[in-house]
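Sequential numbering from 149 applies to the sequence shown in this note's numbering.
C-beta: ideal position from N, C-alpha, C; glycine also.
Owing to the predicted nature of the structure, the values given are computational and were not obtained by experimental measurement.
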Amino acid sequence: MAELKNDRFLRALLREPVDRTPVWMMRQAGRYLPEYRETRAQAGDFMSLCKNPKLACEVTLQPLERYDLDAAILFSDILTIPDAMGLGLYFETGEGPRFKKVVRTEEDVDALLQPDVVNDLDYVLAAVREIRSELKGRVPLIGFSGSPWTLGTYMVEGGSSKDFRHIKEMMYARPEVMHKLLGKLADAVTLYLNEQILAGAQAVQIFDTWGGALSGPMYQEFSLAYMTRIVKGLIREHDGRRIPAILFTKNGGQWLEAMAESGAEALGLDWTTEIGDARRRVGDRVALQGNMDPSVLYAPAERIRAEVARILESFGTGNGHVFNLGHGIHQFVDPSAAGVFVDAVHELSAEYHR
Ligand code: CP3
Numbered sequence: 149m150a151e152l153k154n155d156r157f158l159r160a161l162l163r164e165p166v167d168r169t170p171v172w173m174m175r176q177a178g179r180y181l182p183e184y185r186e187t188r189a190q191a192g193d194f195m196s197l198c199k200n201p202k203l204a205c206e207v208t209l210q211p212l213e214r215y216d217l218d219a220a221i222l223f224s225d226i227l228t229i230p231d232a233m234g235l236g237l238y239f240e241t242g243e244g245p246r247f248k249k250v251v252r253t254e255e256d257v258d259a260l261l262q263p264d265v266v267n268d269l270d271y272v273l274a275a276v277r278e279i280r281s282e283l284k285g286r287v288p289l290i291g292f293s294g295s296p297w298t299l300g301t302y303m304v305e306g307g308s309s310k311d312f313r314h315i316k317e318m319m320y321a322r323p324e325v326m327h328k329l330l331g332k333l334a335d336a337v338t339l340y341l342n343e344q345i346l347a348g349a350q351a352v353q354i355f356d357t358w359g360g361a362l363s364g365p366m367y368q369e370f371s372l373a374y375m376t377r378i379v380k381g382l383i384r385e386h387d388g389r390r391i392p393a394i395l396f397t398k399n400g401g402q403w404l405e406a407m408a409e410s411g412a413e414a415l416g417l418d419w420t421t422e423i424g425d426a427r428r429r430v431g432d433r434v435a436l437q438g439n440m441d442p443s444v445l446y447a448p449a450e451r452i453r454a455e456v457a458r459i460l461e462s463f464g465t466g467n468g469h470v471f472n473l474g475h476g477i478h479q480f481v482d483p484s485a486a487g488v489f490v491d492a493v494h495e496l497s498a499e500y501h502r
């Protein structure tokens with residue numbers, strides 16, 4: 149494998165010194181880029197794009213051609229696992245993800261296949277290998293998965309949800325069934341992330357998009373406990389380097405102390421938590437990733453730069469910051485705004501690393 153030329157991102161996750169704050173964007177390959185829309189049209193639809201390693205590699209690299217990003221993220225989706233468990237994932241245009249089968253009863257949970265990651269999700273692993281080879285050591289590649297709780301919400305609700313009616317009913321009325329489902333998912337996610345690492349992923353992120361819909365005790369029992377189990381089961385070193393893990397619970401800012409006990413090297417923050425406060429609370433134990441509101445990218449360049457400056461100052465001098473948006477970049481953002489953002493992070497952060 150080619151030697152890594154830019155390892156700022158991996159160093160920052162391990163709280164080691166860097167020359168500038170590294171930056172990447174959640175959903176950096178996506179619909180705001182015209183070249184992405186073109187490749188997706190060529191593939192036919194979103195899932196066909198995910199299942200074609202050459203095209204998945206192409207869209208992974210598109211944002212790196214435009215911007216001076218410090219990491220690439222595998223182009224795929226968190227819902228590949230429930231698909232491989234037999235639920236039949238499809239995307240209705242403009243409606244988000246849907247499943248042909250939903251999981252509502254203990255029998256449904258028992259009927260779920262334990263995915264054979266190497267065969268059923270071979271298209272993901274092939275994409276990881278392809279991307280690593282095409283990156284030629286330019287920047288590290290991030291692998292990812294959804295958290296068991298977040299995957300569970302889509303599987304039990306049958307798609308996106310606002311109130312999580314069915315999964316919360318399962319959690320409160322049939323907690324043993326809920327635990328059985330989450331246990332199966334935690335095993336699948338651990339295997340999945342480890343195969344991504346063996347295929348070449350150099351860091352991994354667990355997306356817990358819906359953990360923040362839970363009360364504190366329920367978050368601990370039904371989301372964090374399973375993410376902790378996954379982190380403890382991960383391969384922690386590959387090709388002579390530490391493989392850092394990042395936990396991102398959207399709306400999880402009040403639970404950072406508990407998340408810092410998970411064994412993950414870094415925590416992702418959405419924009420509702422002040423990064424300087426988060427650093428004072430847990431910065432001696434974990435690195436922090438985030439946390440600009442993606443909507444700032446609708447503002448003029450000077451406003452974007454001011455917000456980058458404010459977040460850098462809030463974190464302060466020293467190690468352990470990976471700059472990112474607090475959630476995925478929106479599809480209606482002008483691509484040039486993303487360039488202003490990335491350049492501002494590099495330019496304005498140098499003084500915090502002297
Ligand atoms: O960050 C990246 O560039 C990597 C690619 C990536 C995608 N999805 C591509 C995608 C990643 C890391 C994800 C994760 C994901 N997928 C999450 C967790 C992160 C988050 O955003 O909270 C979730 C909840 C999903 C499930 C999912 N996939 C939804 C709800 C949707 C539809 C919503 C939407 O934005 O339209 C998707 C589709 C999806 N995944 C798209 C992309 C680029 C858009 C599909 C398209 O091209 O039409």
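Close beta carbons around residue i, own chain, < 6 Å, minus the five adjacent residues each side
i      : result
Glu254 : Val325
Ala334 : Pro296, Tyr374, Arg377 and Ile378
Arg453 : Ala492
Leu261 : Met233 and Gly234
Val434 : Ala408, Ala414 and Leu415
Ile216 : A small fix is needed here, since residue 216 is Asp in this sequence, not Ile. Closer than 6 Å at the Cβ level, and outside the excluded window around Asp216, lie Val490.
His314 : Val304 and Glu305
Gly294 : Ile226 and Phe355
Any non-hydrogen atom of ligand 1 closer than 8 Å to residue i Cβ
i      : result
Asp311 : no
Arg188 : yes
Ala177 : yes
Gly476 : yes
Asp218 : no
Met174 : yes
Pro245 : yes
Gln344 : no
Ile226 : yes
Ile229 : no
Ser308 : yes
Gly401 : no
Lys398 : yes
Thr420 : no
Ala294 : Sequence inspection shows Gly at residue 294; the Ala mentioned does not correspond to that position. Under cutoff, so the answer is yes.
Ile378 : no
Tyr374 : no
Phe471 : no
Ile221 : yes
heavy atom of ligand 3 below 8 Å from residue i C-beta
i      : result
Arg214 : Questions concerning ligand 3 fall outside what the structure shown contains, since the ligands it does hold are ligand 1.
Close Cβ partners of residue i (< 7 Å) along its chain, the five nearest in sequence each way excluded
i      : result
Leu329 : Val251, Val257 and Gly300
Asn342 : Leu382 and Ile383
Arg277 : Ala347 and Gly348
Ser309 : Thr301
Cys205 : Ala275, Glu278, Ile279 and Glu282
Gly291 : Leu222, Val276, Leu341, Gln344, Ile345, Ala349 and Val352
Arg163 : Ala435, Asn467 and Gly468
Trp419 : Asn439, Met440, Asp441 and Gly474
Residue i versus residue j - alpha carbon distance
i      : j      : result
Leu473 : Ala498 : 19 Å
Pro346 : His386 : Looking at the sequence shown, residue 346 is not Pro but Leu. Whole-angstrom Cα-Cα distance: 7 Å.
Gln190 : Leu212 : 20 Å
Asn467 : His475 : 22 Å
Gly348 : Leu339 : 14 Å
Glu366 : Asp193 : Contrary to the premise, residue 366 reads as Met rather than Glu in this sequence. Cα to Cα, the separation comes out at about 37 Å.
Leu304 : Lys248 : Looking at the sequence itself, residue 304 is Val, so the reference to Leu does not match. The alpha-carbon atoms of Val304 and Lys248 are separated by roughly 11 Å.
Lys199 : Val272 : 7 Å
Gly307 : Met233 : 15 Å
Gly244 : Leu460 : 34 Å
Ile394 : Thr241 : 31 Å
Phe355 : Tyr184 : 22 Å
Thr208 : Ala177 : 6 Å
His444 : Leu372 : Looking at the sequence provided, one finds Val at residue 444 rather than His. One C-alpha to the other measures close to 30 Å.
Ala219 : Phe157 : 7 Å
Pro170 : Gly360 : 26 Å
Val337 : Arg175 : 20 Å
Arg429 : Glu455 : 22 Å
DSSP three-state assignment for residue i, whether helix, strand or coil
i      : result
Pro182 : helix
Phe223 : coil
His475 : coil
Glu385 : strand
Glu369 : helix
Pro245 : strand
Gln402 : helix
Met174 : coil
Gln350 : coil
Arg427 : helix
Leu289 : strand
Asn267 : helix
Gly306 : coil
Residues near residue i by beta carbon distance below 8 Å, same chain, minus five either side
i      : result
Gly364 : Gln402 and Trp403
Pro182 : Pro483
Ile423 : Leu417, Leu436, Gly438, Asn439, Ile459, Ser462, Phe463 and His469
C-beta neighbour in chain B for residue i, strict 9 Å
i      : result
Pro211 : Absent here is chain B; the protein component of the structure consists of one chain.
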